[in-house]
Structure formats: C-alpha cells, structure tokens
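Read the structure below first, then the notes.
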Amino acid sequence: MVIGYNQYHLAALLLWALASVLSLVLYRMWGHKLFLAFSPLVAMTASGVELYKYTLRPDPVDMGCFFLFVLSLMHLFFAMMIDERATTWATKFASGMGLVVAAFAYFTDNIFVFGFFWILSVIPAYVVFDPIQHQRARAVFIGHHVLSFVCLAVGMMLLQVDSGGFSSMRLVGELPHTMTVTIGGILLVGASLIRQAMFPFHLWFKAAYKTKPFPLAIGLYSMNLGFLLFLRLGLPIFQQEAGDLFPYAMVCGVLSSLYFANMALVQTRILSTVFNVMLAQYATLYCGLETASRFGKAGVVFQFITIGCAFAGLISCLYAIEWHVGSLRAQRFHGLQHKNPTLAVIFLLFALSACALPFTMGFAGEDLIFHAVIERYPLVGLGLILTAAINGVAMFKSVTFIFRGQRSDLMDATIQLSTLQKAALGTILLVMFVFGCFPSLLLTKILAFI
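Per numbering that gives the first Met the number 0, the very first residue in the sequence shown carries number 0; after that it's consecutive.
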C-alpha cells in the first residue's frame, strides 16, 4: 500500500491522470475531439477487461474497477458531448479533471488523502463561476463547502483523540465507542449530507447548476464524494446505532427524496426538474446502505452506476437542446419531436432509465433497495415507492413538454448530433440495458464480495 492505495490502482490512476492532461493539451493545440477521447477510451478498455475478469472471479482489485469503468465511460461521454459553442475551456478542464480527482479520492484508504482530494475536487466546479455574473451563487457555493470542510476537518481530528495515528478507513469500525468518536462521526455525517446536497443543504447545488457554462460532470464528482464519505466513515461508526436505535440516515434519505421529488413536480424550468429528480434518486442510496442487507448494498451499487450514467445523458441532451432553442419550460409544448425523432427516443430512454425502467440497471437496483428497506422499515419503503412514482411522472412530463405538440415559431429547431455524440449516448444506454437485462452477471459476484 502506498498512502492508502493498492499499487495496481495507483499506477492505473497516475497513468490515467497523465493521459487526461495530455489529451487536454493536445486538444488545446489542435482542437480535434479525438484527442479528448483518447484518455478515457484507453482507461475504459483497461477497466472493462478487469470488470470482465471480475464477473468470472470476485477479486478486491477488480471490484474497484467498477467505479473506474464508470468514470472512464463518463469521461468519454463528456469528451464527445462537449459543444464548442456552448462551453468554455474552463468547462472542458473542469469536467475532465473533476472526474480524475474523484477517482483518486475513491480508491484511497487513507483518511487524510481522501480529505485532501475532497477539498481539491471542489476547485473544478468553482472555476466556472463568473465573479461578477455569479456573485451570489458563488457565495452560496463557498458558504456550504466551507461548512463541509470544517465538519470534515474537525471530525477527522476527533477520531485521532482516542486512537492517535488512525488513518485507515477500513479500520474505522474498530474505533472505541467513546463520546469523542461519536461527536466526530456526527460531524462526518454532517459533512457528507452537505456535500451530497441533501435537504436542507441543497442550495449550493441549485446555485451551481444555474450558472452558465456548466460542468456536465458536477452530478458525479461534486456529489458522490459525500456519499462515499458516509459509506466509508459515517456508516461504520454508527452501524450499531443505526440497526438498534434509530435509522438516522434512512429517515434523512426518504425525507430528502420525497422533498426533491415533489419539488421536481412543480418546477417550471425543465432543467430544474431533472436536477431535482437526480437529487431524489441519490437520496435513496442512503436508505439502501443503512438496511445492513447484502441485497440492499448490492442494489446501491447498481443504482450508483445507473444514476451517474442516466443523468449524465439527460443533462447533456438538455444543454444541447437549450443551446439551439433557448430555455425549456413546462409552460408550453415545444414540439421538437418532428425534426428530432432520434433525439426524442434517446432522451425518453434516458428519462425512463433514470426512473428505473424495466430491463435497465436502475430497475434491478431499485428493486433490491426497496425489498431490503420494506423488510425492516415498511413506512420508509412506502416513502421510497411514492418517490419513484412522483419522479416517473415528473420525468414523463418533461419529455412531453420538450418533444410533443407543435412549435409556435418558424425557427429551425433541428438539433444536430455528430456520429461520435450518438455513439457516446448509445454506449451509455447499452451498458445500462445489458446489465439490466442480465443483472446476474454482476449481482452474484457483488454478493460474494459484500
């Protein structure tokens, strides 16, 4: 182990980071998108081979390639979907480097290294804020993240009081159950909830996604590190309390999911609807983890990948559409289906996949989570079912307003996607449907490892 990294993973991550930087430099010099695609293509190929090996034989080294494979897929997707007219160089850099930082944070076992990348991962999201146009949004963003930094730093320090030199995240469950460790755990859970944009700490995310230009990767790298913090530190500290006393994270998750789902239903701007549905879906992951069920945790893995893939596709399509036709609002039918039938079908598939369409990974993941939750906490399970129903209605309403009806103006509303962009969208859909139709390819191996 080197500063908390398996040597195999560290070597792979360093090569990926260097290749990503080189890809950005070459793209900057010659301007061809194939340079952006080089690094993620290589990483996706290498991690895909390891993922295939994992389906044959469970191995802790290959297990980590789940996340690296998804990151590589997202990286390739962002490279292909970037529109020269709608984004800036800072946005391109933020999208690429944010994914790289998330990968380094995910694979380390050292709590201090994780904290370093936790702080570093905010920078790519911050650079897209214009100091004049986004002054208030930037202040909200900074305020929330400073609070999360303070909670994280103080929580990590308190864990050192009764066990000096503690650094391994794998051993956090072995810490003594003292008042100091309990307070430290509470602060770490608080940092997780703030970073994950759970209610009532979601205002920073709302401020971030309304900026222009917008880093498409924010849904993956700015949010999921909060979820990983809870999984690797908060949950092990309070595992007994969660099981025997009060399911604190499960209650927070179901209340947040219901809040965001209802907010999605009443939004007038369709982009806001999609982001609220995404927050609602992420909130359900807390419920799956705290069931202490192997099937619930396996469902979280499926959902973790599905949410990242599905909403990356939705957000990218929305930004491409809004660049051509302006802001999309659920106040009139925009009638884009007539000239964009392929895009309409792709967007519908992504929307339904995000809400657990049968034969997708999301359906398998949500089914596993719902069954694990309902067995122990029926009322929480009912809340999750209501959330899923509301999210489905909100997403179908969004699809209808964007693509149905007739346009009331004579503007050419054709949205042209290149062959590479269509290939990127199709690749993500293929991944979700393959593992949705054949979930046993991964499920049996995940259960063997959990």
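Backbone N, C-alpha and C define an ideal beta-carbon position, used for all residues, glycine too.
In DSSP terms, what residue i is bridged to
i, result
"S167", "N109"
"Y4", "V1"
"R403", "Beta-bridge pairing links R403 to no other residue."
"R268", "R328"
Inter-residue Cα distance where the pair is residue i and residue j
i, j, result
"C316", "F346", "7 Å"
"V180", "L416", "53 Å"
"A371", "T413", "45 Å"
"A124", "I368", "31 Å"
"H110", "D161", "A small fix is needed here, since residue 110 is Ile in this sequence, not His. Taking the straight line from one Cα to the other gives about 16 Å."
"C150", "V188", "9 Å"
"L510", "A279", "Residue coverage of the chain in this structure runs from 0 to 449, which leaves residue 510 outside it and unanswerable."
"A241", "F434", "Low confidence applies to A241: its pLDDT is 48, below 50, so where it sits in the model is not reliable, and the reading given next is rough at best. Each residue's Cα considered, the two are about 31 Å apart."
"I384", "V276", "14 Å"
"T305", "Q405", "32 Å"
"L334", "V324", "Reading off the sequence shown, one finds Gly at residue 334, where the question assumed Leu. Using only the alpha carbons, I get a separation of about 11 Å."
"A353", "L313", "9 Å"
"Q195", "L224", "7 Å"
"A136", "F200", "14 Å"
"Y281", "T399", "24 Å"
"C436", "R375", "28 Å"
"M262", "F274", "10 Å"
"A260", "M28", "44 Å"
"A363", "P357", "8 Å"
"S255", "Q159", "32 Å"
"I401", "W322", "14 Å"
"G382", "L14", "44 Å"
"A319", "A350", "16 Å"
"H8", "L98", "15 Å"
"A355", "G164", "44 Å"
"L23", "F92", "7 Å"
"M431", "T177", "44 Å"
"S19", "A102", "12 Å"
"V139", "S439", "44 Å"
"E365", "F301", "8 Å"
"L202", "T272", "15 Å"
"Y247", "V379", "12 Å"
"L244", "F237", "Since pLDDT at L244 reaches only 49, below the 50 mark, its modelled position is unreliable, and no value is offered."
"M394", "S166", "43 Å"
"F332", "L342", "16 Å"
Where residue i falls: helix, strand or coil (DSSP)
i, result
"G242", "Because the pLDDT at G242 is just 46, under 50, the model does not fix this residue reliably, and the point stays unresolved."
"R331", "coil"
"Y452", "Nothing in the structure corresponds to residue 452, since the chain is present only between 0 and 449."
"P235", "helix"
"G252", "helix"
"I314", "helix"
"F128", "coil"
"T283", "helix"
"A260", "helix"
"Q415", "coil"
"H337", "coil"
"T179", "helix"
"S292", "coil"
"I445", "helix"
"L440", "helix"
"L383", "helix"
"L356", "coil"
"L174", "coil"
Boundaries of the alpha helix (DSSP H) in which residue i is found, first to last residue
i, result
"K205", "L202 to Y208"
"I122", "V121 to Y125"
"R135", "Q134 to V160"
"Q195", "Per DSSP, Q195 belongs to no alpha helix (DSSP H) and is neither H nor E."
"K421", "T418 to C436"
"P340", "P340 to A353"
"A371", "M360 to R375"
"G228", "Per the sequence shown, the amino acid found at residue 228 is Leu instead of Gly. Taken as a continuous stretch (DSSP letters only), the alpha helix (DSSP H) holding L228 covers N223 to L228."
Contact test: residue i Cβ vs the ligand ATP heavy atom, cutoff 7 Å
i, result
"I141", "In the structure shown, the ligand ATP is absent, as is every other ligand, since no ligand is present at all."
Stretch-stretch touch, CB-based, cutoff 8 Å, three pairs: the segment 282 to 292 with the segment 223 to 240: With the cut-off at 8 Å, the segment 282 to 292 and the segment 223 to 240 touch.
Cβ pair count under 8 Å reaching 3, the segment 100 to 114 against the segment 0 to 17: In this structure the segment 100 to 114 touches the segment 0 to 17; the number of beta carbon pairs closer than 8 Å is three or more.
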